[in-house]
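Worksheet for the structure shown next.
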Amino acid sequence: MPQDPAPWPAHETARLLLRAPQAADLAALHEIQSDPVSNRFHPGGLLETQDQAAELLQAWQAHWQVQGFGYWAIALLERPGELLGFGGLMNKPVAGRQALSLYFRFRPQAWGQGYAAEMAQAALRLAFGPLQAPAVLAVVQAANTPSRKTLERVGLRLKGSLADVPGQPADLLYEITAGHHATLPQLPPQATPFGA
């Protein structure tokens with residue numbers, strides 16, 4: 007069973023509570039990562055068992071312990087006990103280099119309301135503020151139009167393609183640099199229809 011990391015300060019946006027994942031989030035993580043609808047664009051496939059979800063949760067918590075940040079558990083401010091999804095930044099190998107990678111996955115009920123963009127804006131403020139990162143990358147399947155629109159809405163630009171999963175079509179690689187982020191107006195996020 008995953009152990010909770012040391013308590014980390016939660017972060018709040020206009021609508022969302024963003025906090026480090028906890029052992030109590032295991033059931034929600036398994037539900038979201040094993041849902042074929044939530045994962046229809048995930049080339050790695052579904053997490054079939056709760057043990058697989060526990061391993062994933064432990065990896066995320068270990069990143070928090072070492073790096074001091076990582077993927078957030080995401081809930082509405084007024085319903086902090088009901089997780090909408092997970093997302094944020096992790097330091098990981100992407101396209102042959104170590105980089106901050108932006109990720110999000112939400113329950114289908116949370117799609118189309120701008121939550122992914124709102125979380126992503128908070129993640130980019132973290133990346134280019136306290137973390138002083140030169141750039142943030144994101145990897146997405148070409149067919150995942152809603153997520154691509156969300157990335158573009160918060161300022162990421164298509165950089166190229168990435169054959170990162172054997173036997174699967176190449177993914178698309180998006181990037182935003184600190185310099186480009188500094189030029190963007192900090193507008194409230196807009197919803198992306200039919201997607202997180």
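Position one of the sequence shown corresponds to residue 7 (this note's numbering), numbered consecutively onward. From the three backbone atoms N, C-alpha and C, an ideal C-beta is built for every residue, glycine too.
Taking a 10 Å sphere around the C-beta of residue 72, we find fewer than 16 other C-beta atoms and assign the residue as exposed. In this structure, DSSP gives residue 40 a state outside helix and strand, which the three-state scheme calls coil. Contact between the stretch 21-31 and the stretch 135-147 is absent: fewer than 3 CB-CB pairs across the two stretches fall below 8 angstroms. About 22 angstroms separates the Cβ atoms of residue 128 and residue 62, ruling out a contact at the 8 angstroms cut-off. In this structure, the CA atom of residue 123 is about 10 angstroms from the CA atom of residue 161.
Closest in C-alpha terms to residue 146, from the list 132, 169 and 140, comes 169. Judged by DSSP secondary structure, residue 146 falls within the beta strand (DSSP E) whose first and last residues are 141-147. Look at residue 137 here: in three-state DSSP terms it is coil, with no helix or strand label. For residue 184, the closest alpha carbon among the candidates 119, 153 and 105 is that of 105.
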